[in-house]
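*Asks:* First the structure, then my questions, so here it is.
Residue numbers (the numbering used here): 1443 to 1709.
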């Protein structure tokens, strides 16, 4: 099978994308559990600089796909958005936009490479599924963002960098995706009915009940990590915060109240 084509000619290739910390890991697990060959950051990883084919996958669930959505022909784009404060709290919690010194970066690189060597040995012995992802230390994600969103680092705080990232990346998806192949949905409102509709568009008719059973098998906190204690009022006032609030409202969110159910979204 050519790596440039999806795993089945009967199914339409697709991407689930959005910001980091917006449920792409969960969606990869859910769709894989339903039976599709869908990885998390398999087709689009931190070293990706252009689309190079589907690598035998039906689709990919990856925030890293955003810059390349205009290269995937008629593949479907399912844009999974999340409340900006939730994204910011999560990114700050994992220190994604922290200033990192060489000691940290070198140590992280050494650890990640050592961990991958163990994975390679397990793959060679047939104990775990094969993967071509390779080691992914923090520095490769930093280099990726330097390439596609270098302006993020001009902000003095992690909170502002994360908020600018949420706005920049959400807009990037809408700008790069082809309108006729694009759909947007809030992860907070993800339902069996929506996923069933998504799968129907891909070419895999599955009932809402089937999807509900699959969703019951995948923990909602599958990729939960440390979250910063932060409220909307804690974000520094200024043009960035005002622009992000306006954009969040366009997407159906109440900026200061992440518990409010998002309204109808539109491109």
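Every residue, glycine too, gets a C-beta built ideally from N, C-alpha and C. Computed from a predicted model, the values in this text were never measured in an experiment.
#1: Rounded to a whole number of angstroms, what is the C-alpha to C-alpha distance between residue 1554 and residue 1581?
#2: Once DSSP output is grouped into helix, strand and coil, what is the label at residue 1503?
#3: Which residue comes first and which comes last in the alpha helix (DSSP H) that contains residue 1616?
#4: By how many angstroms is the C-alpha of residue 1552 removed from the C-alpha of residue 1561?
#5: Could you check which residue in 1681, 1646, 1612 and 1653 has the C-alpha nearest to that of residue 1693?
#6: Short check: CB of residue 1668 to CB of residue 1460, under 8 Å?
#7: Between which two residues does the beta strand (DSSP E) carrying residue 1456 extend?
#8: Please report the straight-line C-alpha distance between residue 1589 and residue 1539, rounded to a whole angstrom.
#9: At the level of alpha carbons, what is the spacing between residue 1700 and residue 1592?
#10: Residue 1493 and residue 1514 look like a contact to me (Cβ under 8 Å); what is the Cβ gap, rounded to whole Å?
#11: If you count every other CB in all the chains shown that lies within 10 Å of the CB of residue 1466, and 16 or more means buried, which is it?
#12: According to DSSP, what are the bridge partners of residue 1635?
#13: To the nearest angstrom, how far is it from the Cα of residue 1673 to the Cα of residue 1596?
#14: Looking at the structure shown, is residue 1564 part of a helix, part of a strand, or coil, going by DSSP?
#15: In whole angstroms, what is the alpha-carbon distance linking residue 1686 and residue 1564?
#16: Taking all protein chains shown into account, do 16 or more other C-beta atoms lie within 10 angstroms of the C-beta of residue 1487, making it buried, or fewer, making it exposed?
#17: Note the first and the last residue of the continuous beta strand (DSSP E) segment covering residue 1625.
#18: Run the CB neighbour count on residue 1602, radius 10 Å, all protein chains shown included, and call it buried at 16 or more, exposed below.
#19: Excluding the 5 residues flanking residue 1529 on each side, which residues of the same chain have their C-beta closer than 6 Å to its C-beta?
#20: Give the straight-line distance between the Cα atoms of residue 1557 and residue 1577, rounded to the nearest whole angstrom.
#21: On the DSSP letters alone, give me the boundaries of the alpha helix (DSSP H) that residue 1473 sits inside.
#22: By the DSSP assignment, the alpha helix (DSSP H) with residue 1480 in it spans what residues?
#23: Is residue 1580 helix, strand or coil by DSSP?
#24: If residue 1655 sits next to residue 1604, beta carbons under 8 Å apart, how far is it from one beta carbon to the other, in whole angstroms?
#25: For residue 1652, does the three-state DSSP call read helix, strand or coil?
#26: What residue does the beta strand (DSSP E) around residue 1523 start on, and which one ends it?
*Replies:* On the basis of the coordinates in this document:
#1: On the chain shown, residue 1554 is found 112 positions in, with the first residue counted as 1. On the chain shown, residue 1581 is found 139 positions in, with the first residue counted as 1. Their Cα atoms are separated by approximately 11 Å.
#2: Within the chain shown, the letter at position 61 stands for residue 1503. In this structure, residue 1503 counts as strand in the three-state DSSP scheme.
#3: Translated into the one-based positions of the chain shown, residue 1616 becomes position 174. Here the alpha helix (DSSP H) through residue 1616 covers 1600 to 1618.
#4: Taking the first residue of the chain shown as 1, we reach residue 1561 at position 119. Taking the first residue of the chain shown as 1, we reach residue 1552 at position 110. Whole-angstrom Cα-Cα distance: 14 Å.
#5: Position 251 of the chain shown, counted from the first residue, corresponds to residue 1693. Comparing Cα-Cα distances from residue 1693 to each of 1681, 1646, 1612 and 1653, the minimum goes to 1612.
#6: Position 226 of the chain shown, counted from the first residue, corresponds to residue 1668. Position 18 of the chain shown, counted from the first residue, corresponds to residue 1460. Between residue 1668 and residue 1460, the gap from beta carbon to beta carbon reaches 8 Å or more.
#7: Reading the chain shown from its first residue, position 14 is the one you call residue 1456. Counting along the chain, the beta strand (DSSP E) containing residue 1456 begins and ends at 1456 to 1460.
#8: On the chain shown, position 147 is the one that residue 1589 refers to. On the chain shown, position 97 is the one that residue 1539 refers to. C-alpha separation (whole angstroms): 15 Å.
#9: Indexing the chain shown from 1 puts residue 1700 at position 258. Indexing the chain shown from 1 puts residue 1592 at position 150. For residue 1700 and residue 1592, the distance between alpha carbons rounds to 28 Å.
#10: As a position in the chain shown, residue 1493 is number 51, starting the count at 1. As a position in the chain shown, residue 1514 is number 72, starting the count at 1. About 6 Å; that satisfies the 8 Å criterion.
#11: For the purposes of this step, residue 1466 is identified with residue 24 of the chain shown, where counting begins at 1. So residue 1466 ends up on the buried side.
#12: In the chain shown, counting from the first residue as 1, residue 1635 sits at position 193. According to the DSSP secondary-structure assignment, residue 1635 is paired through a beta bridge with no residue.
#13: By 1-based counting over the chain shown, the position of residue 1673 is 231. By 1-based counting over the chain shown, the position of residue 1596 is 154. Distance between the alpha carbons of residue 1673 and residue 1596: 22 Å.
#14: Looking up residue 1564 in the chain shown gives position 122. Helix, per DSSP.
#15: Position 244 of the chain shown, counted from the start, is the residue given in the question as residue 1686. Position 122 of the chain shown, counted from the start, is the residue given in the question as residue 1564. The straight-line gap from Cα to Cα measures roughly 45 Å.
#16: On the chain shown, position 45 is the one that residue 1487 refers to. Looking at its Cβ environment, which holds 16 or more other Cβ atoms inside 10 Å, residue 1487 is buried.
#17: Residue numbering aside, residue 1625 sits at position 183 when the chain shown is read from its first letter. Unbroken beta strand (DSSP E) run through residue 1625: 1624 to 1628.
#18: One-based indexing of the chain shown puts residue 1602 at position 160. Looking at its Cβ environment, which holds 16 or more other Cβ atoms inside 10 Å, residue 1602 is buried.
#19: Position 87 of the chain shown, counted from the start, is the residue given in the question as residue 1529. Taken in chain order, the residues that qualify are 1461, 1463 and 1608.
#20: Looking up residue 1557 in the chain shown gives position 115. Looking up residue 1577 in the chain shown gives position 135. Between residue 1557 and residue 1577, the C-alpha separation is close to 8 Å.
#21: If you number the chain shown from 1, residue 1473 lands on position 31. Note, residue 1473: alpha helix (DSSP H), 1466 to 1476.
#22: One-based indexing of the chain shown puts residue 1480 at position 38. Note, residue 1480: premise wrong, no alpha helix (DSSP H); beta strand (DSSP E) at 1480 to 1482.
#23: Position 138 of the chain shown holds residue 1580. Three-state DSSP puts residue 1580 in a helix.
#24: Within the chain shown, residue 1655 is the residue found at index 213, counting from 1. Within the chain shown, residue 1604 is the residue found at index 162, counting from 1. Under the criterion of beta carbons closer than 8 Å, residue 1655 and residue 1604 do not qualify as touching, at roughly 35 Å.
#25: Here residue 1652 is taken as the residue at index 210 of the chain shown, counted from 1. It is helical.
#26: Taking the chain shown and counting its residues from 1, one reaches residue 1523 at position 81. Unbroken beta strand (DSSP E) run through residue 1523: 1518 to 1523.
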